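If you read the sequence shown in the working numbering, its first letter stands for residue 1219, the second for the next number, and so on. The beta carbon of each residue, even a glycine, is placed where N, CA and C say it ideally should be. Note that the coordinates shown come from a computational prediction; the quantities given were computed from them, not determined experimentally.
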Amino acid sequence: MAGPIAGRRHWSDDTWSYLTDPRMPAMEHGWKLHVTARPATLDAVTALVLPVLERHVCHAKWARDQATLRALNSGARNTASVGKAVTVYPAPGELVPLAAELVELLRHHEGPPIVSDRRIDPNSPVYYRYGPFTAEYRTGRGGRLESVMTGPDGRVFDGLASAAYRCPPWAEDPFARRTPVAAPTAGFGGGRYRVTRGIARKAHGNVYRAMDRITGLPVVVKQARAYVAEDESGADTRDRLRNERAVLTRLDTAVGVPRALDYFRHRADEYLVMTSCGDRDLRRDVHTHGPYPAAESGPRSLPALARRLLHLLDGIHRSGVVVRDLKPDNVVLDADGRCHLVDFGIGAIDGHGPDGSTPGYSWPPYRTGAPAEPADDYHALGATLHFAATGLDPVILDADPGRNRELTLRCLEFALPDPACRRIRRTLAELTDPDPVVRTAGAAHLREGAFAPDPAARPAGRGRESGPSADLLGAIIEHTLARCVDEAHRIAHPERFGEAAVPAPIDLYGGASGLGLELLHHRDRPGVRATVDVLADWTARQSRTLPPGLYSGRTGVDLFLTAAGAPPRPAPPELPTRNPDGGPPEADLIDGDAGIGLGHLLLAHHHPPAADRHLAVAAACHHRLTTGLARLTPVTAPRPGDAALAQGLAHGDAGVAYFLLEYARATGDPAALGDAERACAALAAATPALLAAADRPSASRRYGSWCRGLAGIGTVLARAADCLDSPGHRALAEACARSCLALAPRMPLVTQCCGLAGVGDLMLELAPESEEFHSAAGTVAALVLARAGGPPTRPVFPDPTLTRSAFPYATGTAGVLSFLRRLGDPTAPRLGMLPRGRTAGDGSGSRARE
């Protein structure tokens, strides 16, 4: 097709340049194409590709410049993003001819492999996979946000790209006949090494355990993928693997490092074979068994770990090597608990090695071309010991490394407040000091035994950490509100409306509705009401196929639009007859009947003229929950990180109990009250065992969370205490709060889901009747601020990646703002919950409103 297409538009954001085609049909998901490229060849590749795209019906996006592609290809943010220089969203009839044209045009161009996709031709950099064209999400059973694609039979499939190719069952591979299927190999290294299991899937290359068929010994095989993580000189992961081999050769007689055994090439990738040092790393050890005790308590203690790591570093430094990438992931423990150091890809020999760093662990923030020195490893040692003591990585959100260090040490003080730990805190402060002289002195103090707790230290009588003052809290809320307002305008920007190939989500959990519901609580502030109107108008105009759930679907969107004063929908969606995986309808709070029913009680509260209609939906949900027609999805393979998933608020018993409680309160029905009492009694009966599990040193910090932990369970028990006039439920709720407060210094996230904001809201739930918990909420606020970047009056709150800020209610700044808003007034409304009111069954009416 010759000439420009009317209405086609090109535009850019901070990461991508976009092409949008007005002829594209509305598609929620389908086959997409990716073109891989190296940073140095990006301009040449796009110069070839874009004219082809102009001849086809498609949307597209491509990395806006070489620096952006270099960051994507590093794999630092997302393994599945590596290589995706160009993404094409073709119309169905365009897919195969467009792909064929690109394959021939780009033959013999090179780029990093795209691990989430299949390659169409081994000699061309064009890949494909089936994935989402628009952003619709749900919260998965593991708490991870999943990109939802719904097939023609109603089944759903997680569309997020991962480190391996995946395809939904309803999609037929359009390139199956021309895509070569790799023949099974006898093993690596010409068949010498038989892979026994995988250790890690990484963007840079996979790591395997294998058996050497000649010696019979177990080995570790490390892969370096071609063209991944190229720096400005063109050096990539293979260069770093070659450097690791050279470092290990230099360290052949050193203690506590692997031995290099073999090195070989397979196609464009390269492989290093090493001895095995152990089966688990320090990160996994801390997550499984808890932080290392500060007291001398055997080999698994912080002082013992510090001595061992420094001893290993001293031996390595004597060989003329600086590790430069010491971190918890690279400390491997053997069967006897002895630690070893691995991964020397950026190690320096006689001061020189490849570029590279790990944010928070490498210091100084990498100095290109500057010789490495042992003091660089002392910073990484301090940061690694900080992780062992707290389970927290260093704060890295702020642009100022000094500010990040200050916040990291603040987190350490929360985790180890005992005066006996003062020497430990001081030594870690020395090891992470910007001055290499101070870091070197800190290492000397560690050798002299200064890292052990001080048994002579007297208790200081230090009280619980207080929260921000009223003036500081006001300034923080104003700043955070302004950032949320800006985000709402960015989402609903009139020039971007309808342009993005992947528009912003609109749900309550991770999208516009959650942000908008929080902004409504600030509508008296200048400009906020108008912002909510703009966001509600944008949300109402989105044509998305959503499930009916509260947090993940249409009920939450309707709640925002109704609260914002938008015209109500003519009728609520029908309740699902099965869950997305084909089983009975889901019962949970996130996307099941408990959440749908609760959402309609909230809709009845916000829009009394339609209360009867919404109460009818809630009644249907109540019937399905109490008769077993809707069921919670069972936890089939429990893991330590699940914590109280089966009993929790998001996907477990607490969510169902909360809806039953509010339904009984709304209707005044004695039978419904009996159902609520039984559900709350069962939850209460399960809680002591959960409290005991959360008190173990090895307990997952997720026991403190809103979604799968005691923060959510305690909230429901607190509401049950009010509604059922049950002091026993109140006592359990308070025990949950104290347990959460003990876990809070180990919790890395500041968010509502799995984070500190959810813990803080439990404290505020109990605060009106107890100053203890109002004070505890202030402590949680101080912990939140200790994990935020920016100056004290203008904090920037991290999202779950801890590397950037985002604004969803459940996983971002809007949820933190909700907690801070209520810190000044614990009786203020809480998102997703009905106002506290009368005791259930007191006969005061059948409407879900005050």
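Where D1893 sits in the DSSP three-state scheme: DSSP places D1893 in helix when its eight states are reduced to three.
Whether L2052 touches L1863 by CB criterion (8 Å): no
Contacts around A2000, its chain only, beta-carbon distance under 6 Å, and the 5 residues preceding and following it disregarded: Sequence-distant partners of A2000 (beyond 5 residues in either direction) whose C-beta falls short of 6 Å from its own C-beta, in its chain, are E1683, G1685.
Stretch pair the region 1770-1777 + the region 1725-1742: three plus CB contacts closer than 8 Å: yes
Local conformation of I1814 per DSSP, three classes: Helix, per DSSP.
Reduced DSSP category for M1367 - H, G, I as helix; E, B as strand; rest coil: strand
Rounded straight-line distance, which links the Cα of H1697 to that of D1689: 13 Å
With 16 other Cβ atoms within 10 Å as the buried cut-off, status of A1203: This structure does not reach residue 1203, given that the chain is present from 1219 up to 2068, and the question cannot be answered.
Proximity below 8 Å, CB of L1807 to CB of A1848: no
Rounded straight-line distance, which links the Cα of A1882 to that of A1899: Note on geometry: alpha-carbon atoms of A1899 and A1882 lie some 15 Å from one another.
A1324 versus P1392 - alpha carbon distance: The residue asked about is misnamed: residue 1324 is Leu in this sequence, not Ala. Computed Cα separation, rounded: 20 Å.
Enclosing alpha helix (DSSP H) for E1683 [first to last residue]: Careful: E1683 lies outside any alpha helix (DSSP H) and carries neither H nor E.
Whole beta strand (DSSP E) elements within the region 1221-1300, 3-residue minimum: Listed in chain order, they are 1227-1230, 1234-1238, 1247-1253, 1276-1281.
L1551 versus I1814 - alpha carbon distance: 47 Å
With 16 other Cβ atoms within 10 Å as the buried cut-off, status of E2068: Its pLDDT being 33, under 50, E2068 is placed unreliably by the model, and nothing is read from it.
Cβ distance (whole Å) where A1590 is taken to contact T1650 below 8 Å: In fact, because the Cβ distance is near 17 Å, the residues do not count as touching under 8 Å.
Span of the beta strand (DSSP E), counted from its first residue to its last, around A1442: 1436-1442
Test item: CB-CB of L1260 and V1306 under 8 Å: Against a cut-off of 8 Å, the Cβ pair of V1306 and L1260 comes out as no contact.
Three CB pairs or more closer than 8 Å across the region 1478-1497 and the region 1565-1583: When C-beta atoms of the region 1478-1497 are compared with those of the region 1565-1583, fewer than three pairs fall below 8 Å, so the two segments do not count as touching.
Status (buried if at least 16 other CB within 10 Å, exposed otherwise) for R2048: buried
Bounding residues of the beta strand (DSSP E) (the contiguous stretch that carries V1304): 1304-1308
Residues of its chain near V1314, where Cβ-Cβ distance is below 7 Å and the 5 sequence neighbours each way are ignored: Only residues of its own chain outside the window of five on either side were considered, and among them P1392 have a CB closer than 7 Å to the CB of V1314, listed in chain order.
Cβ-based neighbour list, G1679, same chain, cut-off 6 Å, excluding 5 preceding and 5 following: Confidence at G1679 is low in this model, with a pLDDT of 46, below 50, so its placement is unreliable and no value can be given for it.
Alpha-carbon to alpha-carbon, P1766 and L1793: Pairing L1793 with P1766, the inter-Cα distance amounts to about 7 Å.
Buried versus exposed, by CB contacts within 10 Å (16 or more), R1796: Exposed is the call here.
Start-to-end residues for the alpha helix (DSSP H) that takes in M1981: 1974-1984
Heavy atom of the ligand ZN within 7 Å of H1823 beta-carbon: Ligands displayed in this structure: none; no statement on the ligand ZN is therefore possible.
D1595, DSSP secondary structure in three states: helix
Alpha-carbon spacing of H1228 relative to R1708, whole angstroms: 18 Å
Presumed contact (8 Å Cβ cut-off) between F2025 and D1979, rounded CB distance: Wrong, their Cβ atoms sit about 18 Å apart, outside the cutoff.
Close-in-space but distant-in-sequence residues of the same chain around R1431 (CB under 8 Å, 5 per side omitted): G1405, G1409, R1410, Y1411, R1412
Residue of A1706, P1652, S1687, G1293 minimising C-alpha distance to P1995: Reading off the sequence shown, one finds Ala at residue 1995, where the question assumed Pro. When each option's Cα is compared against that of A1995, the closest is S1687.
At least three beta-carbon pairs within less than 8 Å, the region 1365-1383 to the region 1343-1350: Taking 8 Å as the limit for Cβ pairs, the verdict is that the region 1343-1350 does touch the region 1365-1383.
Start-to-end residues for the alpha helix (DSSP H) that takes in I1332: Premise fails: I1332 is in no alpha helix (DSSP H) and is neither H nor E.
Residue ranges of each alpha helix (DSSP H) within the region 1842-1922, 4 or longer: 1871-1885, 1888-1912
Secondary structure of V2034, DSSP reduced to three states: helix
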